[in-house]
Every structure is written in C-alpha cells, then in structure tokens.
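Enquirer:
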Amino acid sequence: MPWDNVLGVAVILGLFGLAILIVLWPGKKHGKRLLVRWGIADPDAGEVELAVRYLKRRRLWYPWLFLAIPPLLDDRGLGSILTTLLLGGLIAELLAQRPSRGPRREADLAPRTLLGIVPAWILVLGALAAAGSLLHLGLTAQWKLLAVAAGTVVVSAAITLLAVRRPAVGAPRADLALRCRSARVAVGLGIGACTAVGWPAGDLVSFLAVVAGLAAFLAVTAPAKRLPAAA
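Position one of the sequence shown corresponds to residue 0 (numbering that gives the first Met the number 0), numbered consecutively onward.
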C-alpha cells in the first residue's frame, strides 16, 4: 500500500478512535452510578472522583485497542471485543500498581487475600471454563485457538491478582468496591473469552457449553450485593 494511503488510513482511524474516546469519557455521573451499582450508598465527592479516575484508566485504551485488535486477530466479532476489554483492564491494573502519593491508612497495612476479594465460587467457575475450553481445543488439535485461549487465561488471572495487590487509595469502601469489580469482571471476561474461543463448532455440545459460559459470565460480572468487610 502506498505511504500516502497508509497515512490517510492512520488519520481516519485516529480521528475515529478520538471520537469514540470522547463519547466514552466518564464524568461524575458515571462514577457515582458505578459506585451505587457496586454497593456504595450515597458516595461522597472523593469517592466519586476515585471511581471516575478508575474508569478513565480503562476507557482511555479501549478505542485504540478496538482499532488494533481486530486486524491482528483477523476477527471482528465477540473474540476481539473480549480481548480488547481484557487488554484494557490489564493496562489499567498495571498503571494502578504505582504507590499512592497520599498518606497510607493504617488498615491498609493488612494485605488483602484473593479469597477476600473474589468469592471461591467465582474462581471455581473461572477454572472450570478455562479447563473445559483448553481440554476441548487440545483434544480437537486446534492449536492456534488453544494458544489464544491460554493467553486469555493468563491475562485474566494477571488482572485478578493485580487488582488484589494494587496499593489502596481513597476511601476504604470505594477502594474495596472498585477492587472487587476489577477482579470479578476479569474472571468473567476470561470465562466469556474462553467460551467463545474454546467451543467454535456448531454442534449440540458446543451450544450447551456456550449457554453455560454465558450464564457463568452474567453471574460472575453481576454487581456484588454485599461486599467483603472493609479492612
């Protein structure tokens, strides 16, 4: 492709990504709604600001990943969408690992555990979805899809662990709610991606696996009605 065409495509895609970013850019209304959905009644201004920053860290990357991922995977369907969300979450969690500039709370000195953030039943569902997909792809010798599914499992697990260990910031209850959301959504996206990648055939077994995966995804990513006790 001539360089002028390449430059033209890059400009068009850049403008398209910028337009999406403007539409997705969160404000205080979005931050408050997020906290309320995750069990924080009447969040104050500081908690809302924390939630807005949390959303910005993720949405900043989505438009550019949405433009880059489909051509790389040669897929413009559900697989690309889930991959984009997972990679955006991973980047956001890596950035969140930087120590907070503000003073630390004494309660934060007690580190949280994985089971203190993610209930055991969610981890079991994630493990079953991953094992089922990897086993099926291995037995049917679909090596490329097996590699994609394995990578999905690694990214999902990394996001979950990073969400558990990231430095605490802001009010304890808001920090806990956002931490739990990150981990649960990561496991849910892992389930969804493994299901989409691991059962591509159109037979009855694949259909039942997809239905079970969808049900597990909805259950895992649903906002927690009751969060773990704050430290």
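Positions of the beta carbon are idealized from the N, C-alpha and C atoms, including for glycine.
As the structure is a computational prediction, the values presented were derived from the model and not from experiment.
1. I need the DSSP call for R165, collapsed to helix, strand or coil.
2. Which whole-angstrom value is the C-beta distance of R52 and L94, which I expect to be below 8 Å?
3. What do you reckon, are the CB atoms on L81 and V154 nearer than 8 Å?
4. Excluding the five sequence neighbours on either side, which residues of its own chain have a C-beta within less than 6 Å of the C-beta of W198, listed in chain order?
5. Taking the straight line between their C-alpha atoms, what separation do you get for R97 and R165?
6. Does the beta-carbon distance from G125 to G189 come in below 8 Å?
7. Given this structure, state the Cα-to-Cα distance separating A50 from L34, to the nearest angstrom.
8. First and last residue of the alpha helix (DSSP H) that includes D174?
9. When the Cα atoms are used, what is the spatial distance from W142 to L136?
10. Short of 6 Å in beta carbon distance, which residues of its chain neighbour L217, apart from the five on each side in sequence? Order them along the chain.
11. What did DSSP end up calling A59 once you bin it into helix, strand or coil?
12. If we call anything under 8 Å between Cβ atoms a contact, is A223 one with G26?
13. Take the Cβ of I158 as the centre, count every other Cβ of all protein chains shown within 10 Å, and call the residue buried at 16 or more, exposed below.
Expert: The short version:
1. coil
2. The Cβ separation is near 10 Å, so there is no contact.
3. no
4. S205, A208, V209
5. 8 Å
6. yes
7. 7 Å
8. 171 to 197
9. 7 Å
10. none
11. Note that residue 59 is Leu in the sequence shown, not Ala. Here L59 sits in coil by DSSP.
12. no
13. buried
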